[in-house]
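Working notes for the structure below.
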Amino acid sequence: MSKAKFSRKLLAAALVAGMAGSAGAAVAQDMAAKWTQLHEAVRLAEICREVSHDRETWRTLGMKIDAAVNHEIGGGERLTLIENAKTSARELAWNPGCESEEAQNLLKEYDALVAG
7 MSKAKFSRKL LAAALVAGMA GSAGAAVAQD MAAKWTQLHE AVRLAEICRE
57 VSHDRETWRT LGMKIDAAVN HEIGGGERLT LIENAKTSAR ELAWNPGCES
107 EEAQNLLKEY DALVAG
């Protein structure tokens with residue numbers, strides 16, 4: 007195989023690998039966003055509806071949330087995402103409030119999570 011042909015194949019392989027890596031990163035970001043959104047919905051239900059979750063309920067909800075993102079979120083990342091979800095839920099409940107469209111949409115997600 008000539009050197010030029012080999013270089014073109016190597017370049018093509020590198021481009022494909024780069025695109026696959028970018029797609030993988032985008033999927034990971036989507037999964038993290040979904041995971042955070044579901045935790046935010048649970049926290050918002052606690053704030054807006056004064057719902058309380060015991061350890062067993064959290065375990066069940068956690069398993070459902072993990073399944074919703076195909077278990078893609080690692081332990082270290084979870085801590086940061088949970089804190090982000092808690093902060094977002096508090097801010098949303100404060101302004102624009104629990105009756106806002108955004109809050110109501112998250113509460114519908116909570117209802118679906120609990121029901122499913």
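Everything in the sequence shown is counted per the working numbering, starting at 7 for the first residue and increasing by one. The beta carbon of each residue, even a glycine, is placed where N, CA and C say it ideally should be.
Sequence-distant residues of the same chain with beta carbon closer than 8 Å to residue i, five excluded per side
| i | result |
| --- | --- |
| S106 | L98 |
Residue i, enclosing alpha helix (DSSP H) - first and last residue
| i | result |
| --- | --- |
| W64 | R61 to A74 |
| V57 | Where V57 is concerned, there is no enclosing alpha helix (DSSP H), given that its DSSP letter is neither H nor E. |
| A91 | G81 to L98 |
Residue j beta carbon less than 7 Å from that of residue i
| i | j | result |
| --- | --- | --- |
| M37 | E78 | yes |
| E46 | A91 | yes |
| T42 | L85 | no |
For residue j and residue i, believed in contact at Cβ under 8 Å, the rounded distance
| i | j | result |
| --- | --- | --- |
| G122 | K40 | Not a contact, Cβ separation roughly 14 Å. |
Cβ neighbours of residue i in the same chain (closer than 7 Å, five flanking residues each side left out)
| i | result |
| --- | --- |
| L44 | I71, A74, E115 and L119 |
| C54 | A99, C104, A109 and L113 |
| S94 | E46 |
Buried/exposed call for residue i, threshold 16 Cβ in 10 Å
| i | result |
| --- | --- |
| R96 | exposed |
| L67 | buried |
| R49 | buried |
| S28 | Because S28 carries a pLDDT of 46, less than 50, the predicted location of this residue cannot be relied on, and the following value inherits that uncertainty. The residue in question, S28, is exposed, as its Cβ has fewer than 16 Cβ neighbours within 10 Å. |
Residues near residue i by beta carbon distance below 6 Å, same chain, minus five either side
| i | result |
| --- | --- |
| D60 | none |
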